[in-house]
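Position in the sequence shown counted from 1, then plus 2, gives you this note's numbering.
Backbone N, C-alpha and C define an ideal beta-carbon position, used for all residues, glycine too.
What you are looking at is a predicted structure, and each value in this text was computed from that prediction instead of being measured.
Scroll down for the structure; my scribbles are underneath it.
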Amino acid sequence: MKIAPDLQHRWDLITEKGKPGLIEAIGIRLTRLDHGLVQAEMPVTDTVKQPFGLLHGGASVCLAETVASVGSWMLIDPETQRAAGLEINANHLRAVSGGTIYAEATILHQGKKTHVWQISIRDEQDRPVCASRCTVAILS
3 MKIAPDLQHR WDLITEKGKP GLIEAIGIRL TRLDHGLVQA EMPVTDTVKQ PFGLLHGGAS
63 VCLAETVASV GSWMLIDPET QRAAGLEINA NHLRAVSGGT IYAEATILHQ GKKTHVWQIS
123 IRDEQDRPVC ASRCTVAILS
């Protein structure tokens, strides 16, 4: 993973508390952590497909909320604040039946109580799969 040097300690705090849970269960792999930018990838395996053999929309939403939430956590004071998803929307643009999908989250608004993220999920041919926006609450 490519991580901004000053954010390494924050990532270590997350991982020392235990395994990332759902992130690990569905195969999300964070590939870049920076201030206001998070990238990740996820293999499209049977675990994340709906019964018709296509990527489940809920898996795309999980990927989107993951990159947004992790991104917010990288921007807050972990000693006094926490980040929690407040709202998410997603437009599913293309069916995917295999390979890997790639997510990129960029911050649109970094307020004291909320962060708003734009998330783009693309396939291996760089075609849009899902466009999402996620609002993350910043709690004391």
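As computed with DSSP, Met44 is found in a beta bridge with Ile103. Boundaries of the beta strand (DSSP E) harbouring Gly87: Arg84 to His94, taken from the DSSP string.
In the DSSP assignment, His117 falls within the unbroken beta strand (DSSP E) covering Thr116 to Arg124. Fewer than three beta-carbon pairs drawn from the stretch 48-58 and the stretch 76-90 are found closer than 8 Å, and the two stretches are therefore not classed as touching. Cβ-Cβ distances below 8 Å link Gly101 to Pro45, Val46, Asp125 and Glu126 in the same chain, with the five nearest sequence neighbours on each side left out; the list follows chain order. In this structure Leu35 touches Ile5 by the C-beta definition: roughly 4 Å separates them, less than 8 Å.
In its chain, beyond the 5 residues on either side, no residue has a beta carbon closer than 6 Å to the beta carbon of His11. Gln112 carries a strand assignment under DSSP once its states are collapsed to helix, strand and coil. In this structure, Pro130 places its C-beta atom within 8 Å of the C-beta atom of Ser122. Take Trp13, set aside five residues on each side of it, and the residues of its chain with a beta-carbon closer than 7 Å to its own are Ile5 and Leu35, in chain order.
Taking C-beta atoms under 8 Å as the contact rule, Val63 and Ala27 fail to qualify, at a distance of about 15 Å. Here Val98 carries a coil assignment [DSSP, helix/strand/coil].
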